[in-house]
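Each residue of the sequence shown is one higher than the one before, starting from 62 at the first, in our numbering.
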Amino acid sequence: MSDLLPQELRILVAVAEARGFSAAAAALGLTQSAVSHSVRGSEAKLGAVLFERGRSGASPTPAGERAVGHARRILRLYEAMGAEARGAGRDGGRDTLGGVLRIAAFRSAALHLLPAALERLTARHPGIRPEVRVVREIGAGAAGEVAAGRADLGIATLGGSQDPAPPGLLTGVLMQEAYRLVHPAGHPDPRSLPLMDWDENCGSYTRAWWRAQDWIPRATVKAEDDAMVLTMVGRGLGMAIMPELSLREATEAVEITGLGPQGPVRQVGYVTTSEAASTLAIRALIRELRSARG
Numbered sequence: 062m063s064d065l066l067p068q069e070l071r072i073l074v075a076v077a078e079a080r081g082f083s084a085a086a087a088a089l090g091l092t093q094s095a096v097s098h099s100v101r102g103s104e105a106k107l108g109a110v111l112f113e114r115g116r117s118g119a120s121p122t123p124a125g126e127r128a129v130g131h132a133r134r135i136l137r138l139y140e141a142m143g144a145e146a147r148g149a150g151r152d153g154g155r156d157t158l159g160g161v162l163r164i165a166a167f168r169s170a171a172l173h174l175l176p177a178a179l180e181r182l183t184a185r186h187p188g189i190r191p192e193v194r195v196v197r198e199i200g201a202g203a204a205g206e207v208a209a210g211r212a213d214l215g216i217a218t219l220g221g222s223q224d225p226a227p228p229g230l231l232t233g234v235l236m237q238e239a240y241r242l243v244h245p246a247g248h249p250d251p252r253s254l255p256l257m258d259w260d261e262n263c264g265s266y267t268r269a270w271w272r273a274q275d276w277i278p279r280a281t282v283k284a285e286d287d288a289m290v291l292t293m294v295g296r297g298l299g300m301a302i303m304p305e306l307s308l309r310e311a312t313e314a315v316e317i318t319g320l321g322p323q324g325p326v327r328q329v330g331y332v333t334t335s336e337a338a339s340t341l342a343i344r345a346l347i348r349e350l351r352s353a354r355g
């Protein structure tokens, strides 16, 4: 099998993102026939059909999703190679880091874990330009963004036996956060209130604890995210069980009660690829995340 060239990788990514050959050709400044020819050549080299063609455009097959993810990651390594080579030639040979650093994180981690780490990172390496996207921690979540090559590093919940990270990714724990009961301030019997929840809450590693608590009713009020739940609890509309990062935004309108030593705890950590973990920028970011945690 012949190796795919960088331009072939770029075309695969462009077709996947544009969902069609014509749109990809326009984005790349190529003809549609050149794009189609390149994709057919890539499919021949890999021995797999990468896109389903139809009147509505082109969508990646499962093999195509995997190939496009690798293509994005390989192209990022080309960028990292150039950035590190240029950086090593400056300041008398000292490594000067630069370039875009793409990060995916769930909302409370983006608010409360990343800012301090990025502040320290960019102070030490002004050439680094972080791009942070908030993703919902449902399904593939932040780890899926890394696996698909859309993020260099993700901040995700770790350790769920039913929701493992995609194969081939490296993970590291940054913190453990306990879940707590949050309820309207001054309420005489908060456990009698309706339960409020949101789809991202309660990972697989906390479900056994939830099932064992006969005082927790089924969620009767669903909200979009943890911030909305916290606001609604403060308005007296119910109680909720929330992780500590989410509760950093709590106001005097709510009270927070611990759930005891056997209460649920979740792990929050970073997810990256083995190749990205070897780059200087990702290594520097991980160091700052570890020093800024908590």
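Ideal placement from N, C-alpha and C gives every residue a C-beta, glycine not left out.
Under the three-state reduction of DSSP, which class applies to Gly102: helix, strand or coil?
The three-state reading of DSSP puts Gly102 in helix, counting H, G and I together.
Extent of the continuous beta strand (DSSP E) run through Arg190:
Unbroken beta strand (DSSP E) run through Arg190: 188-195.
Terminal residues of the beta strand (DSSP E) in which Ala337 lies:
Not the beta strand (DSSP E): Ala337 falls in the alpha helix (DSSP H), residues 335-338.
Quick check on DSSP: helix, strand or coil for Trp270?
The DSSP-derived three-state label of Trp270 is helix.
Please go through the region 77-161 and give each complete beta strand (DSSP E) segment of 3 or more residues, from N-terminal end onward.
The qualifying runs are 112-115, 118-121.
If you check the beta carbons only, do Ala301 and Val243 fall under 8 Å apart?
The criterion of a C-beta distance shorter than 8 Å is satisfied by Ala301 and Val243.
Could you check what DSSP says for Asp286 in three-state terms: helix, strand or coil?
Three-state result, Asp286: coil.
Could you check where the alpha helix (DSSP H) with Thr318 kicks off and where it finishes?
From DSSP, Thr318 is part of no alpha helix (DSSP H) but of the beta strand (DSSP E) over 315-319.
Can you give me the C-alpha to C-alpha distance between Gly160 and Ala146, rounded to a whole angstrom?
Rounded to whole angstroms, the gap between the alpha carbons of Gly160 and Ala146 is 12 Å.
With three or more beta-carbon pairs closer than 8 Å as the criterion, would you say the region 115-134 touches the region 74-94?
Yes, the region 115-134 is in contact with the region 74-94.
Exposed or buried, Gly148, counting other C-beta atoms within 10 Å across all chains shown (16 or more means buried)?
Per the 10 Å Cβ criterion, buried.
Taking Gly229 as the reference, give the member of Ala337, Gly125, Ala88, Glu104 with the closest Cα.
Per the C-alpha coordinates, the member of Ala337, Gly125, Ala88, Glu104 positioned closest to Gly229 is Ala337.
According to DSSP, residues forming a beta bridge with Trp259
According to DSSP, Trp259 bridges with Ala284.
So Arg327 packs on His173, CB below 8 Å; how close in whole Å?
Taking C-beta atoms under 8 Å as the contact rule, Arg327 and His173 fail to qualify, at a distance of about 14 Å.
Where Gln237 falls: helix, strand or coil (DSSP):
Gln237: strand per DSSP, three-state reduction.
Exposed unless 16 or more other CB atoms sit within 10 angstroms - verdict on Gly90:
Flag for Gly90 reads exposed.
Endpoints, the alpha helix (DSSP H) within which Pro251 is located
Membership of Pro251 in any alpha helix (DSSP H) is not indicated, and neither H nor E is assigned to it by DSSP.
Return the chain-ordered list of same chain residues with a C-beta closer than 6 Å to the C-beta of Leu254, the five sequence neighbours on each side being excluded.
Result list for Leu254: Gly299, Met300, in chain order.
So the candidates are Glu305, Thr218, Asp64, Ala177; which of them puts its Cα closest to the Cα of Ser351?
Per the sequence shown, the amino acid found at residue 351 is Arg instead of Ser. Answer by Cα proximity: Ala177.
Are three or more beta carbon pairs between the region 277-284 and the region 232-246 nearer than 8 Å?
Result no; under three Cβ-Cβ pairs closer than 8 Å.
Which residue from Leu341, Glu316, Gln274, Arg194 puts its Cα closest to that of Pro249?
When Leu341, Glu316, Gln274, Arg194 are compared, the shortest CA-CA separation from Pro249 is found for Glu316.
Tell me which residue opens and which closes the alpha helix (DSSP H) that Gly412 is part of.
Since the displayed the chain opens at 62 and closes at 355, residue 412 lies outside it and no answer follows.
What separation, rounded to the nearest whole angstrom, lies between the Cα atoms of Leu231 and Leu214?
So the alpha carbons of these two residues sit roughly 10 Å apart.
If you measure between the beta carbons of Ile199 and Glu261, is that distance less than 8 Å?
A contact, by the Cβ cut-off of 8 Å.
Helix, strand or coil, according to DSSP, for Gly215 in the structure here?
Three-state result, Gly215: strand.
Based on Cα-Cα distance, which residue from Gly143, Ile135, Pro278, Trp259 lies nearest to Glu212?
For clarity, residue 212 is Ala in the given sequence; the question names Glu instead. Ala212 has its Cα closest to that of Ile135, out of Gly143, Ile135, Pro278, Trp259.
Bounding residues of the alpha helix (DSSP H) (the contiguous stretch that carries Leu171):
The sequence as given places Ala at residue 171; Leu does not occur at that position. Its alpha helix (DSSP H) spans residues 168-173.
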